[in-house]
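*Asks:* Would you mind keeping the following structure in view while I ask a few things?
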Amino acid sequence: MLEREIELFHQWGSIQSFKVRVCLAELCLGWVSRRIDLSRFENLEPSYLAIHPQGLVPALKIGSEVTTESSVINERLDLIAGGKLLPEDAETRRRVRDWTELEDTVVHPAVRPPTFNLILKPRLQRLSPAEIMVAMERHPLKSRAEAYRQAAIAPVDVSAVIGSIVIFQSVLARMEIHLSQARWLAGDGFTLADVAMAAFIDRLGRLAMEGLLAPFPLAADWADRIRQRPSFAAAKGPEAERPDPPVDRHLVDRLMTAADAHVQNQV
521 MLEREIELFH
531 QWGSIQSFKV
541 RVCLAELCLG
551 WVSRRIDLSR
561 FENLEPSYLA
571 IHPQGLVPAL
581 KIGSEVTTES
591 SVINERLDLI
601 AGGKLLPEDA
611 ETRRRVRDWT
621 ELEDTVVHPA
631 VRPPTFNLIL
641 KPRLQRLSPA
651 EIMVAMERHP
661 LKSRAEAYRQ
671 AAIAPVDVSA
681 VIGSIVIFQS
691 VLARMEIHLS
701 QARWLAGDGF
711 TLADVAMAAF
721 IDRLGRLAME
731 GLLAPFPLAA
741 DWADRIRQRP
751 SFAAAKGPEA
761 ERPDPPVDRH
771 LVDRLMTAAD
781 AHVQNQV
């Protein structure tokens, strides 16, 4: 039994933080929430940089031991819990790690453009110029603060969002192939692979892009089963901590249609 307190430094709206919270819930591990408010740049304050020198979330602290990188964190948590979500079989482990790497290196970078353009920009645009200036003044790197301010007031980067949607479609197509062979992504049992990609499903919902699942019935069924797990609801946390403005669904529909046209033109 773990005697030391598990502390998770995270943001409720962070996709990689969501992944770790799903894992904690699946493993029934108690934890202490240390919220890092990214909108106030708390991740760049010296106290947090001492924990995570890159200023990223999440970070896991157990006693004096700090673990960063969400997939590494989840394997650490699984080891603590007795190896429930990372089977010992070498081939299954390889498949699990293939999926967690895909989420880290493909899905996570791809969610950034639509998240910034469809969620963060509208949130910032609800602020007055004076409020934006105050927020930017909290940023310790003035050059990055100015770049952020300019990006926040710029129009939606349509091409970047369409590029992300095309990547989402390719990921769902890959999931469809694997789910034709087994009930879960890495085999017949629920693993860290499913934990990682659960975060992708949550983000599709936040972006009003659930419609991307329609051409992939096996992936859609898997997503339904993921949403029904208690860990998915637990990972969402309090709604008040994710105060996103409503996504413009008409715009999203147009962007998804444009992505379909782009894919067809490449065939």
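In our numbering, the protein residues as written are 521 to 787. Ideal placement from N, C-alpha and C gives every residue a C-beta, glycine not left out.
1. Does the stretch 588–600 come close enough to the stretch 613–628 that 3 or more CB-CB pairs lie under 8 Å?
2. Using C-beta distances below 7 Å, list every residue in its chain close to L644, excluding the 5 sequence neighbours before and after it, in chain order.
3. Count Cβ pairs between the stretch 539–548 and the stretch 598–614 that sit closer than 8 Å; are there 3 or more?
4. In chain order, what residues of the same chain have a beta carbon less than 6 Å from the beta carbon of W742, not counting five sequence neighbours either side?
5. Three Cβ pairs or more, each shorter than 8 Å: is that satisfied between the stretch 758–774 and the stretch 724–738?
6. Thinking H828 and V686 are a contact (beta carbons under 8 Å), I'd like their distance in whole angstroms, please.
7. Is the CB of D598 under 8 Å away from at least one CB in chain C?
8. With DSSP run on the structure shown, which of helix, strand or coil describes A665?
9. Go ahead and label P578 buried or exposed: buried means 16 or more other beta carbons lie within 10 angstroms of its beta carbon, across all protein chains shown.
10. For S553, does the three-state DSSP call read helix, strand or coil?
11. Run through DSSP, which three-state label would E730 get?
12. In chain order, what residues of the same chain lie with their CB nearer than 7 Å to the CB of E562, ignoring the 5 residues before and after it?
13. Count the other CB atoms within 10 Å of the CB of V715; is the residue buried (16 or more) or exposed (fewer)?
14. Quick check: Q531 and L558, are their CB atoms within less than 8 Å of each other?
15. Here's the rule: buried if 16 or more other CB atoms are within 10 angstroms of the residue's CB, otherwise exposed. What is N594?
16. Which of the three DSSP states is assigned to L528 in this structure?
17. So the candidates are S537, V542 and C543; which of them puts its Cα closest to the Cα of R507?
18. Have a look at F636 and T777 and give me their C-alpha separation to the nearest angstrom.
19. Alpha carbon to alpha carbon, how far is V676 from P649? Give it in angstroms, no decimals.
20. Excluding sequence positions up to five away, which residues of its chain have a Cβ less than 8 Å from the Cβ of V678?
21. Mark P750 as exposed unless 16 or more other C-beta atoms lie within 10 angstroms of its C-beta, in which case mark it buried.
22. Closest to V540 by C-alpha separation, out of E585, K581 and L732, would be which residue?
23. Give the DSSP-derived three-state secondary structure of L692 in the structure shown.
24. Hey, is L705 close to the ligand SAH, as in C-beta under 7 Å from one of its heavy atoms?
25. The alpha helix (DSSP H) that contains L544, what's its start and end?
26. Determine, using beta carbons only, whether P634 and S690 come nearer to each other than 8 Å.
27. Mind checking whether V542 and A718 have CB atoms under 8 Å apart?
28. Expressed to the nearest angstrom, what Euclidean distance is found between the alpha-carbon atoms of Q786 and I721?
*Replies:* The structure says:
1. Result yes; three or more Cβ-Cβ pairs closer than 8 Å.
2. Here residue 644 is taken as the residue at index 124 of the sequence shown, counted from 1. Only I652 and A672 meet the Cβ criterion.
3. Touching, per the Cβ criterion.
4. Residue numbering aside, residue 742 sits at position 222 when the sequence shown is read from its first letter. Correct list, in chain order: L699.
5. The way I'd put it, the stretch 758–774 does touch the stretch 724–738; three or more beta-carbon pairs between them come closer than 8 Å.
6. The first residue shown for the chain is 521 and the last is 787, placing residue 828 beyond what the model contains.
7. Of the protein chains in this structure there is only one, and it is not chain C.
8. Counting from one through the sequence shown, the residue named residue 665 turns up at place 145. DSSP places A665 in helix when its eight states are reduced to three.
9. Here the question's residue 578 lines up with position 58 in the sequence shown. Classification for P578: buried.
10. Within the sequence shown, the letter at position 33 stands for residue 553. It is a strand residue.
11. Here residue 730 refers to the residue found at position 210 of the sequence shown. Helix at E730.
12. Position 42 of the sequence shown, counting from 1, holds the residue named residue 562. In chain order, I556 and Y568 place their CB closer than 7 Å to the CB of E562, counting only its own chain and leaving out the 5 sequence neighbours on each side.
13. Indexing the sequence shown from 1 puts residue 715 at position 195. V715 should be labelled buried.
14. The residue given as residue 531 occupies position 11 in the sequence shown. The residue given as residue 558 occupies position 38 in the sequence shown. A contact, by the Cβ cut-off of 8 Å.
15. As a first step, residue 594 is located in the sequence shown; it is residue number 74 there, counting from the start. When all chains shown are included, N594 counts as buried.
16. Here residue 528 refers to the residue found at position 8 when the sequence shown is read from its first residue. It is a strand residue.
17. Shown here, the chain extends from 521 to 787; a query on residue 507 therefore has no answer.
18. The residue labelled residue 636 in the question sits at position 116 within the sequence shown. The residue labelled residue 777 in the question sits at position 257 within the sequence shown. About 20 Å.
19. Position 129 of the sequence shown, counted from the first residue, corresponds to residue 649. Position 156 of the sequence shown, counted from the first residue, corresponds to residue 676. When rounded, the distance between both Cα atoms is 18 Å.
20. In the sequence shown, residue 678 corresponds to position 158, counting from 1. For V678, where only same-chain residues beyond five positions count, the Cβ hits under 8 Å are L775 and A778.
21. Here residue 750 refers to the residue found at position 230 of the sequence shown. Exposed.
22. Your numbering for residue 540 matches position 20 in the sequence shown. V540 has its Cα closest to that of K581, out of E585, K581 and L732.
23. Locating residue 692 in the sequence shown gives position 172, counting from the first residue. Looking at L692 - three-state DSSP - the assignment turns out to be helix.
24. Among the ligands in the structure shown, none appear at all, so the ligand SAH cannot be discussed.
25. By one-based count along the sequence shown, residue 544 stands at place 24. Its alpha helix (DSSP H) spans residues I535 to E546.
26. For the purposes of this step, residue 634 is taken as residue 114 along the sequence shown, with counting starting at 1. For the purposes of this step, residue 690 is taken as residue 170 along the sequence shown, with counting starting at 1. No, the Cβ-Cβ distance between P634 and S690 is not below 8 Å.
27. On the sequence shown, residue 542 is found 22 positions in, with the first residue counted as 1. On the sequence shown, residue 718 is found 198 positions in, with the first residue counted as 1. Taking 8 Å as the cut-off, the beta carbon of V542 is found closer than this to the beta carbon of A718.
28. Against the sequence shown, residue 786 aligns to sequence position 266. Against the sequence shown, residue 721 aligns to sequence position 201. Straight-line Cα distance between these residues: approximately 26 Å.
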